[in-house]
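Going by our numbering, 9 is the number at position 5 of the sequence shown; the sequence numbering is gapless. The block underneath contains the structure these notes are about, expressed in structure tokens.
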Amino acid sequence: MMKLRTHDRTAVFFSAVLAFAALIGTKAPADVLFRDDFNGTSLSPYWRVNPGDYLGRTYLDQAPDVGGGVATLHLDTYSPTTPGLVVRGTEIQGQDFYAQGQGLEFEARMKFDPSTPNGVVQS
Numbered sequence: 005m006m007k008l009r010t011h012d013r014t015a016v017f018f019s020a021v022l023a024f025a026a027l028i029g030t031k032a033p034a035d036v037l038f039r040d041d042f043n044g045t046s047l048s049p050y051w052r053v054n055p056g057d058y059l060g061r062t063y064l065d066q067a068p069d070v071g072g073g074v075a076t077l078h079l080d081t082y083s084p085t086t087p088g089l090v091v092r093g094t095e096i097q098g099q100d101f102y103a104q105g106q107g108l109e110f111e112a113r114m115k116f117d118p119s120t121p122n123g124v125v126q127s
């Protein structure tokens, strides 16, 4: 009969945990469902812009700029029609809907203006 000491049992336990984690940590390569490199001069038809919508205190009345592989979404902290009450911004939304299936993963590369005031949500 073989006896395991406490540190041997601990090593066996952690080895089993690591082996299990390696099994569940592997995933199949993902299918890319949507990609936009913003390489034109306007948004592709895959995007929707809802000018005139409100999102909290933000009035979404500005169009994005597209060029050089970048879509620029604007935010102004001053609104000439309601100074101090409303900020003006831009929002783009994807047109397509995707089934959740086994899960969805979203990835985006963004740069933020470092001079943006604290408290402003930028993504």
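Note that beta-carbon positions come from the ideal geometry of N, C-alpha and C, so glycine has one too. Since the structure is predicted, the reported quantities are computational estimates derived from the model, not experimental observations.
Looking only at its chain, what residues have a beta carbon closer than 6 Å to the beta carbon of residue i, apart from the 5 residues adjacent to it on each side?
i	result
Asp94	Sequence check: residue 94 is Thr here, not Asp. Counting only Cβ-Cβ distances below 6 Å, and skipping sequence neighbours, we find Gln66, Pro68, Leu77 and His78.
Pro55	Asp65
Phe139	As displayed, the chain neither begins before 5 nor continues past 127, which places residue 139 out of reach and without an answer.
Regarding residue i and the ligand ADP, is the C-beta to nearest heavy atom distance less than 8 Å?
i	result
Gly105	With respect to small molecules bound, the structure shown includes none, and the ligand ADP cannot be examined in it.
CA-CA distance, residue i and residue j?
i	j	result
Val74	Gln106	31 Å
Ser119	Leu37	34 Å
Trp51	Gly98	5 Å
Ala34	Tyr102	14 Å
Lys62	Met114	Per the sequence shown, the amino acid found at residue 62 is Thr instead of Lys. If I take the Cα positions, the gap works out to 20 Å.
Using a Cβ-Cβ cutoff of less than 8 Å, which residues in the same chain neighbour residue i once the five nearest sequence positions on both sides are dropped?
i	result
Thr45	Val70 and Gly71
Ile96	Leu47, Trp51, Arg52, Val53, Pro68, Ala75 and Leu77
Select from the options the residue whose C-alpha is nearest the C-alpha of residue i.
i	options	result
Leu89	Asn43, Leu47 and Tyr58	Tyr58
Gly123	Leu108, Val91 and Ser83	Val91
Arg39	Asp100, Gly60 and Pro87	Asp100
Using 10 angstroms around the beta-carbon of residue i, count the other beta-carbons present and answer buried if the total reaches 16, otherwise exposed.
i	result
Thr81	exposed
Between residue i and the rest of its own chain, which residues show a CB-CB distance below 7 Å, the 5 nearest in sequence each way excluded?
i	result
Asp41	Gly73
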